[in-house]
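Below is one structure; the comments refer to it alone.
Protein chains: 2
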Amino acid sequence: MLTEATITAVALDLIDREGLEKFSLRNLAAALGVYPSAVYWYLPTKDLVAAAVMNLVLRDVAPDIEPKAWKDYLRAVMLRCRQAIQRHPNTAPLLGAQLTANTRADFGLIEGILCALSAAGFEGPRLVDAYNSTIATLVGFTTQEFSPMPDSGEDWQKETQSRLDEISPVDYPVLSRNLSLLKNQAFILRWENGVRVALDNSFDMYIEIFIAGLEKMKKAPAK
Amino acid sequence: MLTEATITAVALDLIDREGLEKFSLRNLAAALGVYPSAVYWYLPTKDLVAAAVMNLVLRDVAPDIEPKAWKDYLRAVMLRCRQAIQRHPNTAPLLGAQLTANTRADFGLIEGILCALSAAGFEGPRLVDAYNSTIATLVGFTTQEFSPMPDSGEDWQKETQSRLDEISPVDYPVLSRNLSLLKNQAFILRWENGVRVALDNSFDMYIEIFIAGLEKMKKAPAK
DNA sequence: ACCTGAACACCGTTCAAGT
DNA sequence: ACCTGAACACCGTTCAAGT
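Residue numbers (my numbering), protein chains in the order written: chain A, -1 to 221; chain B, -1 to 221.
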């Protein structure tokens, strides 16, 4: 007999092995050894299957730290979220698409973030704003970093590289001066994703920017 | 005779009117009055059509400001990106998915951002990190804010609301204490997206967090 | 060069019917 | 309650053939 748990586990396994493009209810049903319509009895839509998969992937992101230490707590949340996606990089596009649309999400994580932000001094409407900023930050970098490139077709990679090499130094001086550092290491200018070329340093700065900015905001409530 | 420009314009119009789910090459071809395979002569894959649509949507996000005023410039980029998506909210999911995967993107925007960041004092590897942080920030909030909710089915909205109302005050004290402010105004806790309920204040704070954090980073190069 | 027209190999979802 | 089996209304992409 099927269960929501086995469906979800097999779905995640399918995505891990074959990629998000192969994640169809028909392939999932085949992997489960049932007809596609059998899955619908437990999860009546594909989006719900995806949401369940994401809950599985993000199961343990809520860190085991006292939220009062708000900087450490938020840093840990960001790091652990990225690590979770790194363990299942093919789910990366679902992070932006589903976390946000998923009200079955883990309220424990939300509570932890809200705790940390109130410990940082945010309350009322500004707590809402700080929360939204945190969720947006949590999702933004990691989704992109590990999202698939246009097909991993070799011709596309060559084409991308040659387009970069043709960049005019007079029209785009700063870009072309730093091209060797940016090539394949920067969003929009890369041809491999975070699975092949992780952007560890950039992610570190990204987090520190957020933490430092948050601290500044709490000290300067008025804009 | 078809052109890439008319295909792209009609595709954007289709997405604006009917939503991203109705954006298929078959519907696009019907709107153009041709067979689906005719489109392939100009744009040989659906992803390329989507990328072209995104270039159209983001055509004018590069602001008309001197990048030396780096704070004003980056603020303007973020605001104008959000405004562009607000004009075509159904394209929101493509922002995260395509901008990052699109090497046909506008190098002018990239150059502008790099200019602003060097004016802020970043260079070398730290310029790369600051750039990646900027792109991630640019995309993160807006993609989520305007991405579609699970189906706009009324039953789903009711279900979401009732799940929020059932949150245990003892398990989730901070969450339930602020629930009235968070309800439908915060990521994961809302049932309508930015088209119905724009998160203007949160976006403002999000930007200011980034700018303030960036300024802090430039002053404290070492972590 | 540009497009028709048909085909291939898929989809998500629904629904009657079985057990 | 749980699943089969078939059907419905779609997909993106390919390819020979026309002009």
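Positions of the beta carbon are idealized from the N, C-alpha and C atoms, including for glycine. Here the structure is a predicted model, which is why all the values come from computation and not from measurement.
- Interface criterion not met: the Cβ of residue 79 of chain A is under 7 Å from no Cβ in chain B.
- Within its own chain, the residues whose Cβ lies closer than 7 Å to the Cβ of residue 36 of chain B, once the five positions on either side in sequence are excluded, are 0, 27, listed in chain order.
- Within its own chain, the residues whose Cβ lies closer than 8 Å to the Cβ of residue 30 of chain A, once the five positions on either side in sequence are excluded, are 0, 4, 5, 8, 36, 37, listed in chain order.
- Boundaries of the alpha helix (DSSP H) harbouring residue 2 of chain A: 2 to 16, taken from the DSSP string.
- Looking at the backbone, the Cα of residue 113 of chain B and that of residue 183 of chain A are separated by about 18 Å.
- Under a 10 Å Cβ-count criterion, residue 81 of chain B is classified as exposed, with fewer than 16 other Cβ atoms of the shown protein chains found around its own Cβ.
- The alpha-carbon of residue 172 of chain A is positioned some 52 Å away from that of residue 165 of chain B.
- When the Cα atoms are used, residue 55 of chain A and residue 142 of chain B turn out to be separated by approximately 19 Å.
- At a C-beta separation below 7 Å, residue 127 of chain B has these neighbours in chain A: 199, 200, 203.
- Neighbours of residue 170 of chain B in chain A, taken as residues whose beta carbon is under 8 Å from its own, are 105, 106, 108, 109 in chain order.
- For residue 183 of chain A, the neighbours in chain B by C-beta distance under 7 Å run, in chain order, 126.
- Taking CB atoms only, residue 44 of chain B has no neighbour in chain A less than 7 Å away.
- Secondary structure of residue 140 of chain A (DSSP, three-state): helix.
- Contact annotation: residue 205 of chain B and residue 73 of chain B have beta-carbon atoms nearer than 7 Å.
- In the three-state reduction of the DSSP assignment, residue 194 of chain B falls in the coil class.
- Within the model, the alpha-carbon separation for residue 179 of chain B versus residue 108 of chain A is close to 14 Å.
- If you check each beta-carbon in the stretch 43 to 66 of chain A against every beta-carbon of chain B, the ones closer than 7 Å belong to 45.
- In summary, residue 116 of chain A is buried, with 16 or more beta-carbon neighbours lying within 10 Å of its beta-carbon over all protein chains present.
- For the stretch 28 to 44 of chain B, residues whose beta-carbon sits nearer than 9 Å to a beta-carbon of chain A comprise 43.
- For the pair residue 93 of chain A and residue 207 of chain B, the CB atoms are not nearer than the 7 Å cut-off.
- Listed along the chain, the chain A residues whose CB falls inside 7 Å of the CB of residue 137 of chain B are 138, 142.
- Secondary structure at residue 206 of chain A: helix, using DSSP grouped into helix, strand and coil.
- Your pair residue 90 of chain A and residue 140 of chain A checks out as a contact, with CB atoms roughly 7 Å apart and the cut at 8 Å.
- For residue 104 of chain B, there is no enclosing alpha helix (DSSP H), since its DSSP letter is neither H nor E.
- Taking 7 Å as the threshold, the shortest C-beta distance from residue 208 of chain A to chain B falls below it.
- DSSP, reduced to helix, strand and coil, places residue 21 of chain A outside both helices and strands of the structure shown, so it counts as coil.
- Going by DSSP, residue 83 of chain A is part of the alpha helix (DSSP H) stretching over 68 to 85.
- The CB of residue 180 of chain B comes closer than 8 Å to the CB of 126, 129 in chain A, given here in chain order.
- Within the same chain, 189 come within 7 Å of residue 155 of chain B by CB-CB distance, once the 5 residues on both sides are set aside.
- Taking C-beta atoms as the reference points, residue 96 of chain A and residue 48 of chain A count as a pair closer than 7 Å.
- Taking all protein chains in view, the Cβ of residue 106 of chain A is surrounded by fewer than 16 other Cβ atoms within 10 Å, so the residue is classified as exposed.
- In this structure, residue 51 of chain B and residue 111 of chain B do not form a Cβ contact; the two beta carbons are roughly 22 Å apart against a cut-off of 8 Å.
- At a Cβ-Cβ threshold of 7 Å, residue 87 of chain A and residue 168 of chain A do not count as neighbours.
- DSSP places residue 168 of chain B in the coil class of the three-state scheme, outside both helix and strand.
- Residue contact with chain A for residue 156 of chain B: absent (no Cβ-Cβ distance below 7 Å to any residue of chain A).
- The C-beta of residue 68 of chain B has 16 or more other C-beta atoms within 10 Å across all chains shown, which makes the residue buried.
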